[in-house]
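**Q** For the numbering used here, add 10 to where a residue sits in the sequence shown, where the first one is 1.
Don't be surprised by glycine CBs; every beta carbon is placed ideally from N, CA and C.
All of these numbers come straight from a predicted model, not from anything done at the bench.
Please see the structure below; I have some questions.
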Amino acid sequence: MARKAKEPKIKEEKVTKIGGKFVHRRKPNRSVGGDVAIIVMLIVVGIFMLLPFVYAISNSVKPMDELFAFPPRFFARNPTLDNFSDLFIIMSESWVPFSRYIFNTAFITACGTLGHLLLASMAAFALAKHEFPGKNFLFTAVIWALMFPATVTYIPNYLILSGLGWLDTYLALIVPAFASTMGLFLMKQFMEGLPTALCESARIDGANEFRVYWSIAMPNVKPAWLTLIIFSFQSLWNTTGGVYVFSEQLKTLPYALNQILAGGVARQGAGSAVAVFIMIVPIVMFMLTESNVVETMASSGIK
């Protein structure tokens with residue numbers, strides 16, 4: 011009796027509907043042990059990266075004797091909220107209301123981030139999807155500007171703002187934020203990956219240039235402008251006003267909190283609360299937008 015031939019094993023496939031068509035996808039061949047090892051490694055790395063933030067929070071609830079204990083302890087043994095109450099008492103005794111510092115920072119951050127996003131995205135759209143004389147030179151100048159740190163531009167910025175009469179105004183902090191070259195470079199690189207056929211088809215259908223930019227380009231480069239918002243928000247939230255703002259009524263929240271940090275040993279408790287107060291808002295902002303950035307990066311068809 012002849013032996014029956016062995017039938018070859020066929021790997022299990024999954025049928026997925028993409029764009030109206032059914033596509034066969036092979037089931038990933040991974041071991042359970044490998045998945046567990048990856049998860050454990052990610053948890054360990056995540057905990058390690060979270061330690062500085064946990065240590066800052068722990069310091070903010072330590073009483074004064076624990077702040078100066080040697081060797082220093084990671085966690086507070088007798089946690090207290092006295093440091094935060096001291097911080098608010100100090101700020102309430104200031105002749106400029108604490109709410110004024112918060113308003114200044116929120117207003118400058120919101121206006122600067124919005125203006126930077128609009129200006130950088132519109133300039134990037136022109137550089138990426140239009141041909142005009144001097145285009146390559148302008149983009150080369152943007153790349154050169156990336157090599158210079160912000161401190162190099164302090165004196166030219168001061169002279170320009172002084173000539174315009176914008177010193178000691180909100181404009182001195184908002185308008186320079188519009189011209190950040192990093193945002194322009196990021197948006198331009200993403201928009202270059204946008205298929206030109208999409209823009210051309212929209213123009214054929216009667217859309218003007220602003221409609222093409224707003225309805226076609228911007229939705230397709232969502233990862234870029236979400237990332238730009240994160241970086242711009244973080245930079246403007248931490249600004250102190252520098253040498254451009256002199257009036258105490260126009261100073262920002264980080265400036266006021268840094269003055270507390272410079273108060274010496276007696277204010278170390280309030281200073282530890284300041285560190286948490288300054289970092290908490292950018293971290294929350296990043297947590298709210300990070301999932302959208304990752305999702306749009308993964309699902310976007312532009313590579």
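Looking only at its chain, what residues have a beta carbon closer than 8 Å to the beta carbon of Gly125, apart from the 5 residues adjacent to it on each side?
**A** These residues qualify, in order along the chain: Ile184, Val185, Ala187, Phe188.
**Q** In three-state DSSP terms, what is Thr161?
**A** Of the three classes helix, strand and coil, the one that applies to Thr161 here is helix, per DSSP.
**Q** Got a sec, what are the start and stop residues for the alpha helix (DSSP H) Phe147 sits in?
**A** Per DSSP, Phe147 belongs to the alpha helix (DSSP H) from 145-156.
**Q** So, using beta-carbon positions, are Ala280 and Ile270 closer together than 8 Å?
**A** Against a cut-off of 8 Å, the Cβ pair of Ile270 and Ala280 comes out as a contact.
**Q** Let me check understanding here. Comparing Cα to Cα, which of Glu210, Leu177, Met289, Lys232 lies closest to Leu246?
**A** Nearest C-alpha to Leu246: Met289.
**Q** Pull up the distance between the alpha-carbon of Val50 and that of Ile99, whole angstroms please.
**A** Spanning the two alpha carbons is a distance of roughly 44 Å.
**Q** Spatial neighbours of Ser309 within its chain, please: CB distance less than 8 Å, with the 5 preceding and 5 following residues excluded, ordered by chain position.
**A** Residue placement at Ser309 is poorly supported in this model, since its pLDDT is 48, which falls under 50; the coordinates still yield a value, given next. The answer is none, since no qualifying residue turns up.
**Q** Rounded C-beta distance between Met197 and Val152? I'm assuming under 8 Å.
**A** At roughly 11 Å, the Cβ-Cβ gap does not stay under 8 Å, so Met197 and Val152 are not in contact.
**Q** Out of curiosity, what's the CA-to-CA distance linking Phe9 and Ser257?
**A** Any answer about residue 9 is impossible in this case: the structure gives the chain only from 11 up to 313.
**Q** Any idea what DSSP makes of Val231, helix, strand or coil?
**A** If DSSP states are grouped into helix, strand and coil, Val231 belongs with coil.
**Q** Between Thr249, Leu238, Ile239, Met201, which lies nearest to Ile226 when the distance is taken from Cα to Cα?
**A** Per the Cα distances, Met201.
**Q** Could you give the first and the last residue of the continuous alpha helix (DSSP H) run that contains Asp96?
**A** Start and end: 92-102.
**Q** Is it buried or exposed for Val222, if we count other Cβ within 10 angstroms and need 16 for buried?
**A** It is buried - the Cβ of Val222 has at least 16 other Cβ atoms within 10 Å.
**Q** Can at least three beta-carbon pairs, one atom from the region 147-163 and one from the region 290-300, be found at a separation below 8 Å?
**A** The region 147-163 vs the region 290-300: no contact.
**Q** Just to confirm the assignment, what range does the alpha helix (DSSP H) spanning Ile53 have?
**A** 42-70 is the span of the alpha helix (DSSP H), which, as asked, contains Ile53.
**Q** Using only alpha-carbon positions, find the residue among Phe158, Ala266, Leu194 that is nearest to Ser242.
**A** Ranking the options by Cα distance to Ser242, first place goes to Leu194.
**Q** Using 10 angstroms around the beta-carbon of Tyr254, count the other beta-carbons present and answer buried if the total reaches 16, otherwise exposed.
**A** So Tyr254 counts as buried.
**Q** As a quick exercise: from Ser70, Leu137, Leu174, Leu260, pick the residue whose alpha carbon is nearest that of Leu97.
**A** The residue with the shortest Cα to Cα distance from Leu97 is Ser70.
**Q** Between Pro233, Lys72, Gln199, Ala138, which has its C-alpha nearest Asn93's C-alpha?
**A** The shortest C-alpha separation from Asn93 is found at Lys72.
**Q** Going by C-alpha to C-alpha distance, which of Ala272, Ala266, Leu298 sits closest to Phe287?
**A** Here the closest residue by C-alpha is Ala266.
**Q** If the criterion is Cβ atoms closer than 8 Å, does the pair Ile57 and Thr262 meet it?
**A** No.
**Q** For Phe85 and Leu127, what's the separation of their Cα atoms in angstroms?
**A** Near 41 Å, if we compare the C-alpha coordinates of Leu127 and Phe85.
**Q** Taking the continuous alpha helix (DSSP H) assigned at Ser257, which residues delimit it?
**A** Per DSSP, Ser257 belongs to no alpha helix (DSSP H) and is neither H nor E.
**Q** Return the CA-CA distance between Arg87 and Leu60, expressed in angstroms with no decimal places.
**A** Between Arg87 and Leu60, the C-alpha separation is close to 20 Å.
**Q** Return helix, strand or coil for Asn114, following the three-state DSSP convention.
**A** Residue state, collapsed to three classes: helix.
**Q** May I have the straight-line CA-CA distance separating Gln244 from Cys121, to the nearest angstrom?
**A** Approximately 13 Å between the Cα atoms of the pair.
**Q** Reducing DSSP to helix, strand and coil, say where Leu204 ends up.
**A** Here Leu204 sits in coil by DSSP.
**Q** Report yes if the CB atom of Thr191 is closer than 8 Å to the CB atom of Leu156, and no otherwise.
**A** Yes.
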